[in-house]
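What follows is one structure encoded as C-alpha cells, with my remarks underneath.
2 protein chains.
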Amino acid sequence: MKLKQLSLAAVALALTSGVLAQVKPEDEIRYRQSVMNVTGRAFGPMAAMAQDKAPYNKDVVVKNTAVIEMMIGMPWASFAAGTEKGAPTKADMKVWSEGAKFKEGAEKAQKAVAALGTAVKGGDEKTIKAAIGDVGKTCKGCHDDFRLKEFRN
Amino acid sequence: MKLKQLSLAAVALALTSGVLAQVKPEDEIRYRQSVMNVTGRAFGPMAAMAQDKAPYNKDVVVKNTAVIEMMIGMPWASFAAGTEKGAPTKADMKVWSEGAKFKEGAEKAQKAVAALGTAVKGGDEKTIKAAIGDVGKTCKGCHDDFRLKEFRN
Chain R
486 MKLKQLSLAA VALALTSGVL AQVKPEDEIR YRQSVMNVTG RAFGPMAAMA
536 QDKAPYNKDV VVKNTAVIEM MIGMPWASFA AGTEKGAPTK ADMKVWSEGA
586 KFKEGAEKAQ KAVAALGTAV KGGDEKTIKA AIGDVGKTCK GCHDDFRLKE
636 FRN
Chain P
486 MKLKQLSLAA VALALTSGVL AQVKPEDEIR YRQSVMNVTG RAFGPMAAMA
536 QDKAPYNKDV VVKNTAVIEM MIGMPWASFA AGTEKGAPTK ADMKVWSEGA
586 KFKEGAEKAQ KAVAALGTAV KGGDEKTIKA AIGDVGKTCK GCHDDFRLKE
636 FRN
C-alpha cells in the first residue's frame, strides 16, 4: 500500500461517522502504542538481519515490510491535541510543544518505509539491508527526541 | 494478502532466528493485545456501517478490510503455552485448557475475514455488509468464550 493511500485512509477514517470524535484520549494512547508495538515486532527481525545478527530471510523481509508499510501511516492521527494524557504514556510533551519537529520525524519515517518498500521490490539484499538501517535510524531519531524512558500519567 | 500467506508469515516469523524464542510472556501478551486493538479499530467503523449506524463509505471499507486481512493472522502464535500470564490480560485460562476450541474460533475468524476480502473485491454493498456482520459474529463468539470482562494478572 502506498504512502498516499495510507494518509488518505487516515483522513477518511477521521472523517467517517464521527467515530474518532467519540474516541477517548486513553483509547488514542492505547491505539498509538498498539500500532507502534505491532510495527516494532515486524521490524525487529529485519533489524537483526540488517545488523547481521540473524541470517537473511527474504520471505520474512517481504512479509514484515508489508506489515510496516501498512502500519507506518496509522499512529500519527492519534497524537492529536487532547491526547497528551489519559493513560500511562511514554510520549514526551514535546510531541505537542514541538509539533512541527514531531511531524517532520513522522514524515521521515514514512519516507524511509516507502524507500524500504521500493528496495524490497527490487530484491537486492545489500540495498534492502541499507534501507532497513535507514528505517531504524528514523525510528530511533524520533524515539530519542520524543519518547520518554519511563511511562508517565 | 491471502490467509495462507498470513499463516506462512506467522510460521516464518516463529522460525526465524530464534526471535520469538527470546520473547518474554509479557511481550507476547502486549503484542496480541496490540494486534487485537488495531484490528478492532479498523473494524469499528465497518461494524457501524453494517448496522446502518454510519453512512456506508466504500473507501474506508476497502482500506480497513486490508488492515484486518493483514492483522487477522497475527495474534494466534502469541497465545502459545507459557503466555498464560506475565502481564495483565483478559485471556481466559480456557484459551489453553480448551485449546482446540480456541483454535477453531481463530480459524473461523480468519475464514470470515477471507470471505470479507472476497466480498469487498466483489463490490456489492449488501454482500459486504453481510460479510462484515459475519466477521463481527466470529469476533464476538470467541470474545464471549475466551475473553474475560476484567484484566487478570
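Chains R and P supply the protein sequences, listed in that same order.
Counting in my numbering, the first sequence runs from 486 upward without gaps.
Counting in my numbering, the second sequence runs from 486 upward without gaps.
Note that the Cβ used here is the ideal one computed from N, Cα and C, for glycine as well.
Continuous beta strand (DSSP E) assignments of at least 3 residues falling wholly in the region 539-580 of chain R:
574-576
If arginine 632 of chain P sits next to alanine 576 of chain P, beta carbons under 8 Å apart, how far is it from one beta carbon to the other, in whole angstroms?
If you number the second sequence from 1, residue 632 of chain P lands on position 147. If you number the second sequence from 1, residue 576 of chain P lands on position 91. Sure, about 7 Å apart at Cβ, within 8 Å.
Just checking my contact of glycine 567 of chain R with proline 510 of chain R at CB under 8 Å: how many whole Å lie between their CB atoms?
As a position in the first sequence, residue 567 of chain R is number 82, starting the count at 1. As a position in the first sequence, residue 510 of chain R is number 25, starting the count at 1. Between proline 510 of chain R and glycine 567 of chain R the Cβ distance is about 6 Å, and since that is below 8 Å, they are a contact.
What did DSSP end up calling glutamate 635 of chain R once you bin it into helix, strand or coil?
In the first sequence, counting from the first residue as 1, residue 635 of chain R sits at position 150. Three-state result, glutamate 635 of chain R: strand.
I want to verify the contact list: residues of chain R whose CB lies under 7 Å from the CB of valine 552 of chain P, in sequence order.
For the purposes of this step, residue 552 of chain P is taken as the residue at position 67 of the second sequence. Those are Met555, listed as they occur along chain R.
Closer than 9 Å at the beta carbon, the chain R residues around valine 598 of chain P
Within the second sequence, numbered from 1, the residue matching residue 598 of chain P stands at position 113. At a C-beta separation below 9 Å, valine 598 of chain P has no neighbours in chain R, since its nearest C-beta there lies roughly 15 Å away.
Please classify alanine 604 of chain P: does DSSP put it in a helix, a strand, or coil?
The residue you call residue 604 of chain P lines up with position 119 of the second sequence. Looking at alanine 604 of chain P - three-state DSSP - the assignment turns out to be helix.
Buried/exposed call for glutamate 554 of chain P, threshold 16 Cβ in 10 Å:
Position 69 of the second sequence, counted from the first residue, corresponds to residue 554 of chain P. Buried, by the Cβ-count rule.
Residue range of the alpha helix (DSSP H) that valine 520 of chain P falls in?
Here the question's residue 520 of chain P lines up with position 35 in the second sequence. Its alpha helix (DSSP H) spans residues 510-535.
Going by beta carbon distance, what residues of the same chain come within less than 6 Å of alanine 616 of chain P, once the five residues before and after it are set aside?
Here residue 616 of chain P refers to the residue found at position 131 when the second sequence is read from its first residue. Once the five neighbours on either side are set aside, the close Cβ partners of alanine 616 of chain P are Ala600, Leu601 and Ala604.
Give the single residue among R:Met531, R:Val508 and R:Thr524 whose Cα lies nearest to the Cα of lysine 611 of chain R.
As a position in the first sequence, residue 611 of chain R is number 126, starting the count at 1. It is R:Met531.
Which whole-angstrom value is the C-beta distance of alanine 562 of chain R and arginine 515 of chain R, which I expect to be below 8 Å?
Here residue 562 of chain R refers to the residue found at position 77 of the first sequence. Here residue 515 of chain R refers to the residue found at position 30 of the first sequence. Not confirmed; about 14 Å, so no contact.
When DSSP labels each residue in this structure, what does aspartate 630 of chain P get in the three-state scheme?
Position 145 of the second sequence, counted from the start, is the residue given in the question as residue 630 of chain P. If DSSP states are grouped into helix, strand and coil, aspartate 630 of chain P belongs with the helices.
Classify arginine 637 of chain R: buried if its beta carbon has 16 or more other beta carbons within 10 angstroms, exposed otherwise.
Numbered from 1 along the first sequence, position 152 holds the residue referred to as residue 637 of chain R. Arginine 637 of chain R comes out exposed.
Secondary structure at aspartate 619 of chain R, three-state DSSP: helix, strand or coil?
The residue you call residue 619 of chain R lines up with position 134 of the first sequence. Under the three-state reduction of DSSP, aspartate 619 of chain R is assigned to helix.
Does DSSP classify valine 589 of chain R as helix, strand or coil?
One-based indexing of the first sequence puts residue 589 of chain R at position 104. Going by the sequence as given, residue 589 of chain R is glutamate instead of valine. Helix at glutamate 589 of chain R.
Between the CA atoms of aspartate 512 of chain P and valine 520 of chain R - distance to the nearest angstrom:
Along the first sequence, one-based indexing puts residue 520 of chain R at 35. Along the second sequence, one-based indexing puts residue 512 of chain P at 27. In this structure, the CA atom of valine 520 of chain R is about 14 Å from the CA atom of aspartate 512 of chain P.
Does DSSP put glutamate 610 of chain P in a helix, in a strand, or in coil?
One-based indexing of the second sequence puts residue 610 of chain P at position 125. When DSSP states are grouped into helix, strand and coil, glutamate 610 of chain P belongs to the helix group.
Return the chain-ordered list of same chain residues with a C-beta closer than 8 Å to the C-beta of methionine 556 of chain P, the five sequence neighbours on each side being excluded.
Position 71 of the second sequence, counting from 1, holds the residue named residue 556 of chain P. Same-chain partners within the cutoff: Val520, Val523, Thr524 and Ala527.
On the criterion of 16 or more Cβ atoms from any shown chain inside 10 Å, does proline 540 of chain P qualify as buried, or is it exposed?
As a first step, residue 540 of chain P must be located in the second sequence, where it is residue number 55. So proline 540 of chain P ends up on the exposed side.
Would you say asparagine 522 of chain P faces chain R, with C-beta separation under 8 Å as the test?
The residue you call residue 522 of chain P lines up with position 37 of the second sequence. Yes, because at least one Cβ of chain R sits closer than 8 Å to the Cβ of asparagine 522 of chain P.
Checking 8 Å against the spacing of the C-beta atoms, do serine 550 of chain P and alanine 594 of chain P come in under that value?
As a first step, residue 550 of chain P is located in the second sequence; it is residue number 65 there, counting from the start. As a first step, residue 594 of chain P is located in the second sequence; it is residue number 109 there, counting from the start. The identity of residue 550 of chain P in the sequence shown is threonine, whereas the question assumes serine. No. Outside cutoff.
Proximal residues of chain R, C-beta to C-beta of arginine 515 of chain P below 7 Å
For the purposes of this step, residue 515 of chain P is taken as the residue at position 30 of the second sequence. Per Cβ cutoff of 7 Å: Asn522.
Among P:Asp629, P:Lys614 and P:Asp609, nearest to alanine 535 of chain P - alpha-carbon criterion:
What you label residue 535 of chain P is simply residue 50 of the second sequence in a count that begins at 1. Out of P:Asp629, P:Lys614 and P:Asp609, P:Lys614 has the C-alpha closest to the C-alpha of alanine 535 of chain P.
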